[in-house]
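Asker: These protein sequences, in sequence, are chains A and B. Counting from 1 along the first sequence, just add 411 to a position and that's the residue number in the numbering used here. Counting from 1 along the second sequence, just add 2 to a position and that's the residue number in the numbering used here. Ideal Cβ positions, reconstructed from N, Cα and C, are used throughout, including at glycine.
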Amino acid sequence: MGLKTWALKKSIWLYHANVGACNNCDIEVVDCLTPRYDVERFGMQIAESPRHADALVVCGICTRQARPRLQELYRQMAKPCLVLCIGSCACSGGIFRPCYHFAGPVDKVIREVDPEAIIAYVPGCPPKPEAIIAGAIKSLGALPS
Amino acid sequence: MNPIWAIPLLVGATAGTIVLGLLSKFIDRKVTAWVQWRKGPPWYQPAVDILKLLGKETVVPEGARMTGFLLAPLLGFAAVCVAATLLWWVHFNPEAGFTGDVIVVLYLLTIPSLAIIIGGSASGNPLAAVGAGREMKLIIAYELPMLLAILAAIAGSSKNFQLGSLISVSTTGIAATIGCVLGFIVVLMCVQAKLGLVPFDIAEAGCEIASGPFIEYSGAPLAILFLTKAMLFAVLPIFVITIFWGGFAFGSIGAAAASIGKYVLVLVVLTLVRNTNPRVRIDHAMKFFWFIMTPLAALALILSMC
Numbered sequence: 412m413g414l415k416t417w418a419l420k421k422s423i424w425l426y427h428a429n430v431g432a433c434n435n436c437d438i439e440v441v442d443c444l445t446p447r448y449d450v451e452r453f454g455m456q457i458a459e460s461p462r463h464a465d466a467l468v469v470c471g472i473c474t475r476q477a478r479p480r481l482q483e484l485y486r487q488m489a490k491p492c493l494v495l496c497i498g499s500c501a502c503s504g505g506i507f508r509p510c511y512h513f514a515g516p517v518d519k520v521i522r523e524v525d526p527e528a529i530i531a532y533v534p535g536c537p538p539k540p541e542a543i544i545a546g547a548i549k550s551l552g553a554l555p556s
Numbered sequence: 003m004n005p006i007w008a009i010p011l012l013v014g015a016t017a018g019t020i021v022l023g024l025l026s027k028f029i030d031r032k033v034t035a036w037v038q039w040r041k042g043p044p045w046y047q048p049a050v051d052i053l054k055l056l057g058k059e060t061v062v063p064e065g066a067r068m069t070g071f072l073l074a075p076l077l078g079f080a081a082v083c084v085a086a087t088l089l090w091w092v093h094f095n096p097e098a099g100f101t102g103d104v105i106v107v108l109y110l111l112t113i114p115s116l117a118i119i120i121g122g123s124a125s126g127n128p129l130a131a132v133g134a135g136r137e138m139k140l141i142i143a144y145e146l147p148m149l150l151a152i153l154a155a156i157a158g159s160s161k162n163f164q165l166g167s168l169i170s171v172s173t174t175g176i177a178a179t180i181g182c183v184l185g186f187i188v189v190l191m192c193v194q195a196k197l198g199l200v201p202f203d204i205a206e207a208g209c210e211i212a213s214g215p216f217i218e219y220s221g222a223p224l225a226i227l228f229l230t231k232a233m234l235f236a237v238l239p240i241f242v243i244t245i246f247w248g249g250f251a252f253g254s255i256g257a258a259a260a261s262i263g264k265y266v267l268v269l270v271v272l273t274l275v276r277n278t279n280p281r282v283r284i285d286h287a288m289k290f291f292w293f294i295m296t297p298l299a300a301l302a303l304i305l306s307m308c
């Protein structure tokens, strides 16, 4: 493992994107920053601009409105980067799968831009903060070394 | 001094300031974590952040002016390196400075802010333009009280625009002491604004204009911008302590401990102010600096001259 990958794994900055979530997963994602879970222990921080981010944290089914914007967000990020699909909706569409505004699960939408994208799935409605942290840490193993 | 020595001096001072700046950033983040009842990052976190950014892709947006966008971070970095060298040099050899080096250091410390304005304007992003405009207004707001307060310190001690003499000559008299303490308070507020820490982080404003001038930066230029900010976080407290608090001495263990204590105390005060205040609006910040801090600094100057 090179120095570059080591540094990347020790310092993941997150950009939080809500692409049609019910706000429940967003609350759980923000929970990870609170004193009880404190992801800054692992060097994780919320980044303010997608250009600074290393991981795109996506919540919600990808709606038709959000789809081009999510793809643009992924294009704007500096590579190498990760995508974390938080919650059942982001992973598969969940109970909203047959709805008219559903524009494909998040992984398909991202893979249209970059077939090689590293995508981690954290299912749950909403997933626990522990599960989100575990998913984020596991996805680091998929980074190219 | 032989000019050949300037290069190793510059490299040494830059390396030292980078180490000190990253450690100071760690102290800042750890104290912030403690204030919020968190555990906080490991001690090497700021260094790892810089390393990671150096290894990432550098994106130059389509609408950006490439030259200005990529050169601006280097300009700010270079200015901080030279300012750090002047400050360190004076500490190891108090005779070394020249008349007016206080003014040179002040000029050099303004350049990083100007570099941020240039870089933000060159990136072609509307939010970066808003941030650059705010940074400009903030400079106009804090420069006057800062200069007045530093003038108060100079009038109260050596009456000489030389860093070396400011370290060796101490203030005498009650009025001058009160003036210098007032000046110290004013300068700490101005340093807060210069570093872009929370009550005055109007130019970056994370959740409002998405880090303003930095919004389009990624990879190595962003690493240099963050490194410059980390170095400023070390250089500005050193500068303030040099002018107002007798500088640093490493002759004996007691003196060294006192020096480190002074430095950490200033850092912690800056961090605590950052953690206990909300962000103010730009017009409130200008009113604060012009109508509260400037009269206070003027009073400090008058008291010091008595």
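1) Mind checking B/Ala-258: buried by the 16 CB within 10 Å criterion, or exposed?
2) Tell me which residue opens and which closes the beta strand (DSSP E) that B/Trp-247 is part of.
3) Who are the near neighbours of B/Ala-212 in its chain, counting only those whose CB is closer than 8 Å to its CB and skipping five residues on each side?
4) Ends of the beta strand (DSSP E) at A/Ala-428?
5) Using a C-beta to C-beta distance shorter than 7 Å, which residues of chain B count as neighbours of A/Glu-451?
6) Given a limit of 7 Å on CB to CB distance, which residues of the stretch 458-470 of chain A reach chain B?
7) Report yes or no: do the stretch 445-458 of chain A and the stretch 541-556 of chain A share at least 3 C-beta pairs separated by less than 8 Å?
8) Once the 5 residues before and after B/Gln-38 are set aside, which same chain residues still bring their CB inside 8 Å of it?
9) When you compare only the Cα positions, how much space is there between B/Leu-53 and A/Ile-423?
10) Which residues in the same chain as B/Thr-120 place their Cβ atom closer than 6 Å to its Cβ, once the five residues preceding and following it in sequence are excluded?
11) Would you say A/Ser-550 reaches chain D, if we count a Cβ-Cβ gap shorter than 8 Å as a contact?
12) Going by C-alpha distance, which of A/Arg-508, A/Pro-538 and A/Arg-522 is nearest A/Asn-434?
13) Report the three-state DSSP secondary structure of B/Gln-164 (helix, strand or coil).
14) Measuring CB to CB, does A/Ile-530 end up less than 8 Å from A/Phe-507?
15) Can you list the residues of chain A that B/Val-61 reaches, using a CB-CB cut of under 7 Å?
16) Considering just the uninterrupted stretch of the alpha helix (DSSP H) at A/Ile-497, what are its terminal residues?
17) Could you have a look at A/Thr-474 and say whether DSSP puts it in helix, strand or coil?
18) Tell me whether B/Val-33 sits in a helix, a strand or coil according to DSSP, three-state version.
19) Look at B/Val-2 and B/Leu-234 and say whether their C-beta atoms are less than 8 Å apart.
20) Along the chain, where does the alpha helix (DSSP H) containing B/Ala-299 start, and where does it finish?
21) So the beta strand (DSSP E) A/Val-533 belongs to, where does it begin and stop?
Answerer: Walking through what the data contain:
1) exposed
2) Taken as a continuous stretch (DSSP letters only), B/Trp-247 belongs to no beta strand (DSSP E), as it is neither H nor E.
3) Leu-129
4) 424-429
5) Ala-35, Arg-40, Gly-42 and Pro-43
6) Glu-459, Ser-460, Arg-462 and His-463
7) yes
8) Asn-277
9) 12 Å
10) Sequence check: residue 120 of chain B is Ile here, not Thr. These residues qualify, in order along the chain: Gly-70 and Ala-74.
11) The structure shown contains no chain D; its protein chains are A and B.
12) A/Pro-538
13) coil
14) no
15) Arg-462 and Ala-489
16) Here A/Ile-497 belongs to no alpha helix (DSSP H); instead the beta strand (DSSP E) covers 493-497.
17) strand
18) helix
19) Look at the range of chain B in this structure, 3 to 308, and you will see that residue 2 of chain B is not part of it.
20) 296-307
21) 529-533
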